[in-house]
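What follows is a set of notes on a single structure, which appears directly below.
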Amino acid sequence: MRISVGDLESLRRWREREDQDLATLLAKLRRQEPPTRQMEAGKAFAKFFEHATPKDFGGAISDGWEFEFKCDAELHLPAIRELKMEETFQTPYGPVTLVGVVDGQDGNVICDQKLTGYFDAENYTASLQWRAYLAMTGATKFVYDVFVGKYEDHANYVTITEYHQVPFYTYPDIRRDVARAVCELAEIVATHIPEAA
Amino acid sequence: MLKITKATDPIEVKNICVTIYANPGIGKTSMAFTADKPLLLDFDRGAYRSSNRGEVVQVESWADIMGITADDLKPFRTVAIDTAGRALDALTSHILRTNPKAGNKVGGLSLQGYGELKTIFTTWTKLIRSFGLDVVLLSHSDEQKDGDEVRERLDIQGGSKNEIYKASDCMGRIYLRNGKRTLNFSPTDTAFGKNPAQLPPLDVPDFAQTPDFLATVIANTKAALNRMSAAQTEVASTQAEWRDKINACADLDEFDGMIEPIKALDTAVRDTLKRLLVKAAKAKGYTFDKSAGHFVAQQAA
Numbered sequence: 001m002r003i004s005v006g007d008l009e010s011l012r013r014w015r016e017r018e019d020q021d022l023a024t025l026l027a028k029l030r031r032q033e034p035p036t037r038q039m040e041a042g043k044a045f046a047k048f049f050e051h052a053t054p055k056d057f058g059g060a061i062s063d064g065w066e067f068e069f070k071c072d073a074e075l076h077l078p079a080i081r082e083l084k085m086e087e088t089f090q091t092p093y094g095p096v097t098l099v100g101v102v103d104g105q106d107g108n109v110i111c112d113q114k115l116t117g118y119f120d121a122e123n124y125t126a127s128l129q130w131r132a133y134l135a136m137t138g139a140t141k142f143v144y145d146v147f148v149g150k151y152e153d154h155a156n157y158v159t160i161t162e163y164h165q166v167p168f169y170t171y172p173d174i175r176r177d178v179a180r181a182v183c184e185l186a187e188i189v190a191t192h193i194p195e196a197a
Numbered sequence: 001m002l003k004i005t006k007a008t009d010p011i012e013v014k015n016i017c018v019t020i021y022a023n024p025g026i027g028k029t030s031m032a033f034t035a036d037k038p039l040l041l042d043f044d045r046g047a048y049r050s051s052n053r054g055e056v057v058q059v060e061s062w063a064d065i066m067g068i069t070a071d072d073l074k075p076f077r078t079v080a081i082d083t084a085g086r087a088l089d090a091l092t093s094h095i096l097r098t099n100p101k102a103g104n105k106v107g108g109l110s111l112q113g114y115g116e117l118k119t120i121f122t123t124w125t126k127l128i129r130s131f132g133l134d135v136v137l138l139s140h141s142d143e144q145k146d147g148d149e150v151r152e153r154l155d156i157q158g159g160s161k162n163e164i165y166k167a168s169d170c171m172g173r174i175y176l177r178n179g180k181r182t183l184n185f186s187p188t189d190t191a192f193g194k195n196p197a198q199l200p201p202l203d204v205p206d207f208a209q210t211p212d213f214l215a216t217v218i219a220n221t222k223a224a225l226n227r228m229s230a231a232q233t234e235v236a237s238t239q240a241e242w243r244d245k246i247n248a249c250a251d252l253d254e255f256d257g258m259i260e261p262i263k264a265l266d267t268a269v270r271d272t273l274k275r276l277l278v279k280a281a282k283a284k285g286y287t288f289d290k291s292a293g294h295f296v297a298q299q300a301a
């Protein structure tokens, strides 16, 4: 069975939303939900950072989206970007390969750029994403570079109004917590999406 | 303006911001008094209950502390804010009083007012740290029921708690475990935490016997952050050296020639370099054949 770090995060968000039924999670895991405009913009934004070189940007164009930086933000982009990784966890439902791609890695520090309409630090604090990547890489620190953007309704145009940097660190039981989430998701997949198991 | 820069040399961590949260009455304030030469800014008016009370300033309003200077803080090594939630409430009142444009129709902060709150609070904590002091932020815990689970969060108004999560180098909670008070910096499924020093859950001692409990925790955390910084420099430099070698590979033999030397490297860099090698080979049309243990041209894989 192969699951992605994004799937783990879908599980975490689903657990936190009492109003979402199991069908909502299964549709996400089956990739049946069409990407939203925000998701498309986020993908284009990530692509911009994948190729960005050290300099000043007033704006950026990527994959049909235009981004205008109306706030001051300074960040270091690591030389290693878009690095794929996978790791196999043993579960009662058979071996599960957890796959993912980190936005950037510099030494023991992983970084990830996010584009969002609203900054909620607790959402990142609770995330399984940073836990999974720290557990998979053995890195010690994970930094979210969070950009808050205002989306134009009728154009692929995002005005970036805020920048926040939120750091997290590895901790003694991080691997156990990730393995537990992998196991929980594996049970759901094995039970409800047998074709993927 | 977005400014993208190259990574810089590590900076020595001389002072940090620690957040400690717990239910009322479990001993947050008393623990703060075990920091190194602490001054407690008592926004909560509860310091009198502490058994080991040290230097305290009863804060009536944000104006009482906004002009604090390095000279005022000369005798101290730590400033504890008790509680961060009440401090932000005081700052909110101060902003609403001094800036008529900062309020909304229902008496709270407008978007502009909230921006002002973030800026003032962040600038103020940075100022304290620029004087060479550690900052301890105390917060009540907000227990939120989620089905059978109880989630512990910081009891701080709205979006202003974002500033606490961002500013904290480490974050721990005090709770009762088998009847004993425990300070734990590691996060769990239901509670937040930041544990850069990789500390195990710590039994909270009798502060009369261990009056420097928090001072030791903070010193250990700073030492760990500086060790991480040194290790980071070493690992990043090794990665850079090997990244250049990997990027110079042009054919199958050269990629295969990298496999064994990378396998022999320290675990701190090995796995990342393996992934980099696979990525670079793929860009040149080669893929790693796991069963054969070497690279092959993609069409042959």
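Protein chains in written order, with the numbering used here: chain F, 1 to 197; chain V, 1 to 301.
Glycine included, each C-beta is placed from N, C-alpha and C at the ideal position.
Could you check the C-alpha separation between Val148(F) and Glu18(F) for me, to the nearest Å? When rounded, the distance between both Cα atoms is 26 Å.
May I ask you to list, following chain order, the residues of the stretch 1-24 of chain V that have a beta carbon less than 8 Å from some beta carbon of chain F? The residues in question are Met1, Leu2, Lys3, Ile4, Thr5, Lys6, Ala7, Thr8.
Residue interval of the alpha helix (DSSP H) (run including Met39(F)): Per DSSP, Met39(F) belongs to the alpha helix (DSSP H) from 37-51.
Indicate the three-state DSSP secondary structure (helix, strand or coil) for Asp173(F) in the structure shown. Under the three-state reduction of DSSP output, Asp173(F) falls in the coil class, being neither helix nor strand.
Where are the alpha helix (DSSP H) runs, 4 residues long or more, that stay fully inside the stretch 133-182 of chain V, in chain order? Counting whole runs of 4 or more residues, the stretch 133-182 of chain V contains the alpha helix (DSSP H) stretches 161-167.
Between which two residues does the beta strand (DSSP E) harbouring Thr116(F) extend? Here the beta strand (DSSP E) through Thr116(F) covers 109-116.
Which ranges does the beta strand (DSSP E) cover as unbroken runs of at least 3 residues, wholly within the stretch 200-278 of chain V, from first to last along the chain? Listed in chain order, the beta strand (DSSP E) elements of length 3 or more contained wholly in the stretch 200-278 of chain V amount to none.
Nearest chain F C-beta to Phe33(V) closer than 8 Å, yes or no? False, the Cβ-Cβ gap to chain F never drops below 8 Å.
Scan the stretch 71-136 of chain F and note each continuous alpha helix (DSSP H) run of 4 residues or more that stays entirely inside, going in chain order. Segments of the alpha helix (DSSP H) lying fully in the stretch 71-136 of chain F: 121-125.
If we call anything under 8 Å between Cβ atoms a contact, is Val96(F) one with Ile3(F)? The answer is yes: Cβ separation under 8 Å.
Considering only residues of the same chain and omitting the five flanking positions on each side of Leu183(V), which have a CB-CB separation below 6 Å? Gly172, Ile174, Leu202, Val204, listed in sequence order.
Closest Cβ-Cβ distance between Phe89(F) and chain V: below 8 Å? Not closer than 8 Å to any Cβ of chain V, the Cβ of Phe89(F) fails to qualify, so no.
Segment contact, 8 Å Cβ cut-off, at least three pairs: the stretch 28-42 of chain F with the stretch 162-170 of chain F: At 8 Å Cβ cutoff, the stretches do not touch.
State yes or no: is the C-beta of Leu185(F) within less than 8 Å of the C-beta of Leu11(F)? Less than 8 Å separates the beta-carbon of Leu185(F) from that of Leu11(F).
Within 8 Å (strictly less), CB to CB, does Lys114(F) reach chain V? Output row for Lys114(F): interface = no.
Below 8 Å on the Cβ atoms is my guess for Tyr133(F) versus Val102(F); work out the distance and round it to an integer in Å. Indeed, because the Cβ distance is near 5 Å, the residues count as touching under 8 Å.
For Thr123(V), tell me which candidate among Gln58(V), Gly85(V), Ala167(V), Ala236(V) has the shortest Cα-Cα distance. Residue Ala167(V) is the option with its Cα nearest to Thr123(V).
Residue nearest to Gly42(F) in terms of C-alpha spacing, selected from Thr116(F), Tyr93(F), Thr140(F): Closest option to Gly42(F), Cα to Cα, is Thr116(F).
Give the range of the beta strand (DSSP E) segment to which Tyr144(F) is assigned. Here the beta strand (DSSP E) through Tyr144(F) covers 141-151.
Distance CB(Ala79(F))-CB(Arg49(V)) smaller than 8 Å: Arg49(V) is positioned such that its CB atom lies no closer than 8 Å to that of Ala79(F).
Contact list for the stretch 63-78 of chain F against chain V, Cβ threshold 7 Å: Under the 7 Å Cβ criterion, the stretch 63-78 of chain F contributes Phe69, Asp72, Ala73, Glu74, Leu75, His76, Leu77, Pro78.
List the DSSP bridge partners of Lys194(V). The bridge partners DSSP lists for Lys194(V) are Met171(V).
Show which residues of chain V have a CB atom less than 7 Å away from the CB atom of Phe172(F). Contrary to the premise, residue 172(F) reads as Pro rather than Phe in this sequence. Going along chain V in sequence order, the residues near Pro172(F) (Cβ under 7 Å) are Ser186, Gln198, Pro200.
Return the bridge partner residues of Arg2(F) from the DSSP annotation. When beta bridges are read from the DSSP output, Arg2(F) appears opposite Thr97(F).
Once the 5 residues before and after Val269(V) are set aside, which same chain residues still bring their CB inside 8 Å of it? Excluding residues within five positions, the ones whose Cβ falls inside 8 Å are Val235, Thr238, Gln239, Trp242.
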